[in-house]
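Structure, as structure tokens:
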Amino acid sequence: MSSDGLSTSGKFGFQPVAAFIEPTASAHWRDVAGLEVDMQYFYGSVRSEAGDYWWPIRGFYPDRARYLHLSESKIGGDFHYATDETSSYGGPVKHLQRDGGLQVVTPEGAVLMAVDDSRMEWNDGTELSMTGELVGPGIQFLVPDEDDAFLYTSRLFRTTGTVKGVPVTGLVFHDSMHAKPGKQFLTGPVITKLEAAWVAFATEFEDGTVHSGHLVYGTEGFDLMIIHRSDGPSLIARDIVVHAELDGDPMADTTFPAKVSYTGGGETWVWEAVPGGRCPVREDLPAGHRWRQGWAHHVDETRRPKTTEALMETYNGRLLDTGALEAQAQR
């Protein structure tokens with residue numbers, strides 16, 4: 000501690016500093032505050048008229064692709080992996096900047112990802128082919144830290160295309176993570192100790208109104224609400240209060256989130272699980288990790304959604320440690 004009482008340690012408690020930004024594609028790969036892009040990825044919910052439901056996710060490091068994970072279910076059921084690391088490409092890639100956009104291509108020239116300021120394209124062979132149009136502003140938040148600073152950028156797209164040849168529509172995010180040189184987001188503090196309940200959500204109503212954003216809660220001050228509404232004021236809030244409910248014992252392997260409410264900035268937003276919606280447990284992530292689909296809305300919302308994307312990611316042990324499950328424990 001310096002003589003004037005200001006901390007000189009470079010530690011700020013992992014408190015995010017958030018803003019809405021112009022949704023330019025280059026925000027995902029240009030260096031920011033000495034941080035370099037570590038990974039960018041597509042993920043989202045797409046459905047067919049017949050009731051098929053897929054949640055695909057595909058990431059890209061600067062030099063190689065992460066595997067496509069394609070979760071599949073019927074609406075109302077739990078998910079299983081139709082495609083995973085055993086059956087998708089995970090080899091070298093190149094990032095090519097062309098005409099103000101970016102393409103991620105295989106050594107053979109196949110374009111897996113393409114983005115510009117208003118459109119996205121996602122191709123994964125016969126498994127998946129989608130294009131999308133930008134919806135709303137970009138979202139960005141910086142977590143300053145002497146050792147493990149990171150930057151997160153997110154844009155939303157309304158998509159159409161096919162999965163396994165079946166026509167689908169949905170909502171897909173293009174997100175990216177920046178880290179200090181030599182650091183990786185997936186082995187950094189967010190995954191290993193901070194995150195307790197994080198959902199990137201998009202809710203489209205019948206009148207075309209879209210609410211979207213990120214609801215983030217964790218340890219050591221890692222909490223944030225950043226929400227854009229096409230029919231009302233936006234919200235950025237910290238120092239939030241979170242109450243979570245699980246569908247079983249927090250430490251059981253079969254327990255998933257059922258409801259999480261976030262209160263900050265004078266508003267409460269709620270994520271609620273849909274029937275089913277549970278994704279297979281990922282053994283490559285820390286204990287207690289769960290993914291479950293739902294939908295997110297203002298606590299006073301009376302409309303029902305037309306289209307949703309809201310995959311809640313929890314670490315159930317951390318929810319217990321932070322006290323977010325106290326109300327459930329008292330019942």
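Number 19 in numbering that gives the first Met the number 0 belongs to position 20 of the sequence shown; there are no gaps in the numbering. Cβ atoms here follow ideal geometry from the backbone N, Cα and C, with glycine treated the same way.
Can the beta-carbon of residue i be found closer than 9 Å to that of residue j?
| i | j | result |
| --- | --- | --- |
| L67 | L150 | no |
| S44 | T306 | yes |
| G207 | S233 | no |
| A32 | V114 | no |
| M112 | F59 | yes |
| I225 | G217 | no |
Quick one: is residue i buried, meaning 16 or more other Cβ sit within 10 Å of its Cβ, or exposed?
| i | result |
| --- | --- |
| L95 | exposed |
| D174 | buried |
| E120 | buried |
| V259 | buried |
| D222 | buried |
Give every residue of the same chain whose Cβ lies closer than 7 Å to the Cβ of residue i, excluding the five residues on either side of it in the sequence, and list them in chain order.
| i | result |
| --- | --- |
| D371 | Because the chain is modelled from 0 through 330, residue 371 falls outside the range shown and cannot be assessed. |
| A148 | L34, V142 and K179 |
| A18 | Q139 |
Please report the straight-line C-alpha distance between residue i and residue j, rounded to a whole angstrom.
| i | j | result |
| --- | --- | --- |
| T168 | E145 | 42 Å |
| E203 | R154 | 15 Å |
| A195 | F13 | 13 Å |
| L193 | G231 | 31 Å |
| L318 | L185 | 20 Å |
| V189 | H288 | 12 Å |
| E325 | M250 | 15 Å |
| G275 | G160 | 24 Å |
| L5 | V240 | Model confidence at L5 stands at a pLDDT of 48, short of 50, so the residue's coordinates are unreliable; what they give is reported in the following sentence. Each residue's alpha carbon lies about 28 Å from the other. |
| M311 | A286 | 16 Å |
| H296 | R281 | 27 Å |
| E266 | L101 | 37 Å |
| D62 | G220 | 33 Å |
Considering only residues of the same chain and omitting the five flanking positions on each side of residue i, which have a CB-CB separation below 6 Å?
| i | result |
| --- | --- |
| P143 | F11 |
| V273 | Q292 and G293 |
Does the ligand ATP have even one heavy atom less than 8 Å from the beta-carbon of residue i?
| i | result |
| --- | --- |
| V273 | Among the components modelled here there is no ligand, and therefore nothing to report on the ligand ATP. |
Kindly list the residues whose CB is nearer than 8 Å to the CB of residue i, restricted to its own chain and excluding five residues on each side of it in sequence; keep chain order.
| i | result |
| --- | --- |
| H79 | S70, E71, S72 and P279 |
| I20 | A26, P136, G137, I138, Q139 and T152 |
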